[in-house]
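Here the structure is laid out as structure tokens; the discussion comes afterwards.
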Amino acid sequence: MSSTTNLDYKNASLKGTITVPGDKSISHRSVMFGSIAQGKTTVSGFLLGEDCLSTIDCFRKLGVDIHVEGTNVTILSPGMDNWEEPKEVLYTGNSGTTTRLMLGILSGSNIHTVMTGDASIGKRPMRRVTDPLRLMGAKIAGRENGQFTPLAIKGTKVKAIDYTMPVASAQVKSAILLAGLRAEGTTIVREKEVSRDHTERMLQQFGAKVEVKSGVVSFEGGQLLQATHVNVPGDISSAAFFLVAGAIVPESSIVMKNVGVNPTRAGIIEVLEKMGADLLIEVDDANAAEPTASLTIQTSKLKATTIEGDIIPRLIDEIPIIALLATQAEGTTIIRDAEELKVKETDRITAVVTELQKLGANIEATEDGMIIHGSTKLHGGNLQSYGDHRIGMMSAIAALISSSPIEIDDTDCIAVSYPTFFDDLKKLMKNS
Ligand code: S3P
Numbered sequence: 001m002s003s004t005t006n007l008d009y010k011n012a013s014l015k016g017t018i019t020v021p022g023d024k025s026i027s028h029r030s031v032m033f034g035s036i037a038q039g040k041t042t043v044s045g046f047l048l049g050e051d052c053l054s055t056i057d058c059f060r061k062l063g064v065d066i067h068v069e070g071t072n073v074t075i076l077s078p079g080m081d082n083w084e085e086p087k088e089v090l091y092t093g094n095s096g097t098t099t100r101l102m103l104g105i106l107s108g109s110n111i112h113t114v115m116t117g118d119a120s121i122g123k124r125p126m127r128r129v130t131d132p133l134r135l136m137g138a139k140i141a142g143r144e145n146g147q148f149t150p151l152a153i154k155g156t157k158v159k160a161i162d163y164t165m166p167v168a169s170a171q172v173k174s175a176i177l178l179a180g181l182r183a184e185g186t187t188i189v190r191e192k193e194v195s196r197d198h199t200e201r202m203l204q205q206f207g208a209k210v211e212v213k214s215g216v217v218s219f220e221g222g223q224l225l226q227a228t229h230v231n232v233p234g235d236i237s238s239a240a241f242f243l244v245a246g247a248i249v250p251e252s253s254i255v256m257k258n259v260g261v262n263p264t265r266a267g268i269i270e271v272l273e274k275m276g277a278d279l280l281i282e283v284d285d286a287n288a289a290e291p292t293a294s295l296t297i298q299t300s301k302l303k304a305t306t307i308e309g310d311i312i313p314r315l316i317d318e319i320p321i322i323a324l325l326a327t328q329a330e331g332t333t334i335i336r337d338a339e340e341l342k343v344k345e346t347d348r349i350t351a352v353v354t355e356l357q358k359l360g361a362n363i364e365a366t367e368d369g370m371i372i373h374g375s376t377k378l379h380g381g382n383l384q385s386y387g388d389h390r391i392g393m394m395s396a397i398a399a400l401i402s403s404s405p406i407e408i409d410d411t412d413c414i415a416v417s418y419p420t421f422f423d424d425l426k427k428l429m430k431n432s
């Protein structure tokens, strides 16, 4: 089902305070870890986005009792070794994190499962996960030798590996570490560029011992997780849309409270600062399991920058909205080393360049990123979201600075990560 939204935001400015919804990556992991651990895990600040609801749905099918009340979730689990063999296929919807991390978890389980997702998931590469899992002894069968869903996993006794990651991907790293939970020996994952470390942090929160040293994660198999409480901070990837809106929409001033600022996720803050944005960061508790901060952004003059190398994994999901930001900055912004964008919910290099060009942006695609010449005044147009939540939200923020209305085909997909996006946007417009 799709919905077309017509956005006519001329002369809007954004003012006020919002609390963005919970972090998607951490919400997924809270349900996964709480289902692996025997007993009662409680979660606050959970993201009620469609992707995280897919994760809940999968674990319910394994016999885990999960209650959702507002953004509080209670997980009552018999423990991973007592999961039920599901009678139905596990449906992971649009969620790459659910699909890839569950492949790791289920590989070391004692049950047989079949997993599938939506049309976008059916096109996303899974060999990056099934290959290292098979090296651990996992029994996985699937289309094109395990490259695409549907995938069948026969849980088995896996063994540890020492694996050097060919791509910077927290989903791959996490799948290996989660399979390592039930593996004999020490699982070691080596990263050339450090990807988000929520799995390592949460393993420790659940009482496991994990060693992390300059890009090498080591983790002894056979450790049991202890049920606990998880506090999910606001998602910096959702905050990113309003950080950019605050920077580019005239006369704006936005405060966002309780935003997760884990350094492996906060690349967009570094980029905004380099581009000259007026951004204030007030850290709440730097020692929390996942640090948070209040972020205040105000409109400012922006200059172009180059985004490349090891910062890319720290802002990979923010590149669509950073591209829009760059259309409003003086000079040429270059984004490179970001070929991973091609295998996200859609090919985000093609989608971003095609849609921003429709609005008059001076932007070109490259093999591994894009080049944006700014600043340009944007006009309206008919845009497509490609069923990708982050492309849909980028287009909606573009409508705040376009000289004529923007129509977006299929905005329903925004509910994947930010179901209250338009409510927050309206709230900020009302205060102006
Ligand atoms: C995620 C990791 C990233 C990110 C995705 C969520 C995670 O993917 O793009 O939205 O929760 O581990 P990759 O690790 O594949 O880059």
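Mind the numbering: the sequence shown is residues 1 to 432 in full-length UniProt numbering, read in order. For every residue, glycine included, the Cβ atom is placed at its ideal position computed from N, Cα and C.
- Which of the three DSSP states, helix, strand or coil, is assigned to Gly267? Sequence index remark: in the sequence shown, residue 267 carries index 267 (1-based). Three-state DSSP puts Gly267 in a helix.
- Message: I'd like to confirm something about Thr130: is its beta-carbon nearer than 7 angstroms to some heavy atom of the ligand S3P, or not?
- Response: Counted from its first residue, the sequence shown places residue 130 at position 130. Incorrect: Thr130 has no Cβ contact closer than 7 angstroms to the ligand S3P.
- Task: Taking 8 angstroms as the threshold, find out whether the region 308-318 comes into contact with the region 282-291 through three or more Cβ pairs.
- Result: no
- Message: My parser needs the alpha helix (DSSP H) runs of 4 or more residues fully inside the region 286-361; what are they?
- Response: 312-315, 319-327 and 348-358
- Query: Should the region 243-260 be called in touch with the region 10-29, which here means at least 3 C-beta pairs below 8 angstroms?
  - Reply: yes
- Query: Are there 16 or more other CB atoms within 10 angstroms of the CB of Leu324, so buried, or fewer, so exposed?
  - Reply: If you number the sequence shown from 1, residue 324 lands on position 324. Buried: at least 16 other Cβ atoms inside 10 Å.
- Query: Which word fits Ala37, buried or exposed, when buried means at least 16 other C-beta atoms lie within 10 angstroms of its C-beta?
  - Reply: Here residue 37 corresponds to residue number 37 of the sequence shown, with the count starting at 1. Counting Cβ neighbours within 10 Å, Ala37 comes out buried, since at least 16 surround it.
- Span separating the alpha-carbon of Lys344 from that of Asn6: On the sequence shown, residue 344 is found 344 positions in, with the first residue counted as 1. On the sequence shown, residue 6 is found 6 positions in, with the first residue counted as 1. Roughly 26 angstroms between the two C-alpha positions.
- Item | Environment of Ala361 [buried if 16+ CB atoms lie within 10 Å] | For the purposes of this step, residue 361 is identified with residue 361 of the sequence shown, where counting begins at 1. Result: buried.
- Message: Just to check my reading of the structure: Thr327 and Ile269 have Cβ atoms closer than 8 angstroms, yes? What is that Cβ distance to the nearest angstrom?
- Response: Here the question's residue 327 lines up with position 327 in the sequence shown. Here the question's residue 269 lines up with position 269 in the sequence shown. Not confirmed; about 20 angstroms, so no contact.
- Query: What does DSSP give as the partner residues of Gly39 in its beta bridges?
  - Reply: Looking up residue 39 in the sequence shown gives position 39. Answer is Ser77.
- Per-residue burial, Val416 [other beta carbons within 10 Å of its own, 16 or more giving buried]: One-based indexing of the sequence shown puts residue 416 at position 416. Classification for Val416: buried.
- Message: So, with DSSP's three-state summary, where would you put Glu69?
- Response: Here residue 69 is taken as the residue at index 69 of the sequence shown, counted from 1. Looking at Glu69 - three-state DSSP - the assignment turns out to be strand.
- Closer than 7 angstroms: Ala170 CB and nearest the ligand S3P heavy atom: Your numbering for residue 170 matches position 170 in the sequence shown. At least one heavy atom of the ligand S3P is nearer than 7 angstroms to the Cβ of Ala170, so yes.
- Any heavy atom of the ligand S3P closer than 7 angstroms to the CB of Ser25? Here the question's residue 25 lines up with position 25 in the sequence shown. Within the cutoff, so yes.
- Mind checking Thr346: buried by the 16 CB within 10 Å criterion, or exposed? On the sequence shown, position 346 is the one that residue 346 refers to. Classification of Thr346: buried, given that the 10 Å Cβ count is 16 or more.
- Query: What do you reckon, is the C-beta of Arg196 under 7 angstroms from a heavy atom of the ligand S3P?
  - Reply: If you number the sequence shown from 1, residue 196 lands on position 196. Checking the Cβ of Arg196 against the ligand S3P gives yes.
- Query: Ordered along the chain, which non-local residues of its own chain (more than five positions away) have a Cβ less than 8 angstroms from that of Glu88?
  - Reply: Here residue 88 refers to the residue found at position 88 of the sequence shown. Answer for Glu88: Lys61, listed in chain order.
- Looking at Glu308 and the ligand S3P, is the gap between the Cβ and the nearest heavy atom below 7 angstroms? What you label residue 308 is simply residue 308 of the sequence shown in a count that begins at 1. Flag unset: Cβ of Glu308 not near the ligand S3P.
- Quick one: is residue 517 buried, meaning 16 or more other Cβ sit within 10 Å of its Cβ, or exposed? With the chain covering 1 to 432 only, the question about residue 517 has no answer from this structure.
- Determine, using beta carbons only, whether Arg143 and Val158 come nearer to each other than 8 angstroms. Position 143 of the sequence shown, counted from the start, is the residue given in the question as residue 143. Position 158 of the sequence shown, counted from the start, is the residue given in the question as residue 158. Going by C-beta atoms, Arg143 is not nearer than 8 angstroms to Val158.
- Please check the pair Glu339 and Glu367, which I expect to be a contact at CB under 8 angstroms, by giving their CB distance rounded to whole angstroms. In the sequence shown, counting from the first residue as 1, residue 339 sits at position 339. In the sequence shown, counting from the first residue as 1, residue 367 sits at position 367. Correct: roughly 7 angstroms between the Cβ atoms.
- Pull up the CB-CB distance for Ile297 and Val261, whole angstroms please, since I reckon it's below 8 angstroms. By one-based count along the sequence shown, residue 297 stands at place 297. By one-based count along the sequence shown, residue 261 stands at place 261. Ile297 to Val261, Cβ: 14 angstroms. No contact.
- Message: Extract the residue ranges of the beta strand (DSSP E) inside the region 133-173, only unbroken runs of 3 or more that lie entirely within it.
- Response: 139-142, 148-154 and 162-164
- Minimum C-alpha distance to His389 - residue among Ile26, Gly79 and Tyr418: One-based indexing of the sequence shown puts residue 389 at position 389. With distances taken between Cα atoms, His389 lies closest to Tyr418.
- Task: Identify the continuous beta strand (DSSP E) that holds Leu279 and give its terminal residues.
- Result: The residue labelled residue 279 in the question sits at position 279 within the sequence shown. Looking at the DSSP string, the run of the beta strand (DSSP E) that includes Leu279 is Asp278 to Val283.
- Query: Can you tell me whether DSSP reads Gly16 as helix, strand or coil?
  - Reply: Counting from one through the sequence shown, the residue named residue 16 turns up at place 16. Three-state result, Gly16: strand.
- Query: Under the DSSP definition of a beta bridge, which residues are partnered with Phe219?
  - Reply: Sequence index remark: in the sequence shown, residue 219 carries index 219 (1-based). Looking at the DSSP assignment, Phe219 forms a beta bridge with Thr187 and Val210.
- Quick one: measure Cβ to Cβ for Gly93 and Ser30, integer angstroms, because I've assumed they're closer than 8 angstroms. Position 93 of the sequence shown holds residue 93. Position 30 of the sequence shown holds residue 30. The Cβ separation is near 18 angstroms, so there is no contact.
- Task: Let me know the secondary structure DSSP gives Val232 once reduced to three states.
- Result: In the sequence shown, residue 232 corresponds to position 232, counting from 1. Coil at Val232, not helix or strand.
- Item | Thr192 versus Ile408 - alpha carbon distance | Walking along the sequence shown from the start, residue 192 turns up at place 192. Walking along the sequence shown from the start, residue 408 turns up at place 408. In the sequence on display, residue 192 carries Lys and not Thr. Rounded to whole angstroms, Lys192 to Ile408 spans 38 angstroms at the Cα level.
- Classification of Ala141 by the beta-carbon crowding that lies within 10 angstroms, buried from 16 upward: The sequence position of residue 141 within the sequence shown is 141, counting from 1. Exposed, since its Cβ has fewer than 16 Cβ neighbours within 10 Å.
- Message: Check this for me: beta carbons of Ser395 and Ser385, under 8 angstroms apart or not?
- Response: For the purposes of this step, residue 395 is taken as residue 395 along the sequence shown, with counting starting at 1. For the purposes of this step, residue 385 is taken as residue 385 along the sequence shown, with counting starting at 1. Result yes, Cβ atoms of Ser395 and Ser385 sit closer than 8 angstroms.
- Message: DSSP three-state label for Asn110, please.
- Response: Locating residue 110 in the sequence shown gives position 110, counting from the first residue. Correct three-state label for Asn110: coil.
- Item | Where the alpha helix (DSSP H) through Lys61 begins and ends | Taking the first residue of the sequence shown as position 1, residue 61 is located at position 61. Residues Glu50 to Lys61.
- Cβ-Cβ separation, Ala351 to Ile391 (assumed contact under 8 angstroms), whole Å: By 1-based counting over the sequence shown, the position of residue 391 is 391. By 1-based counting over the sequence shown, the position of residue 351 is 351. Indeed, because the Cβ distance is near 5 angstroms, the residues count as touching under 8 angstroms.
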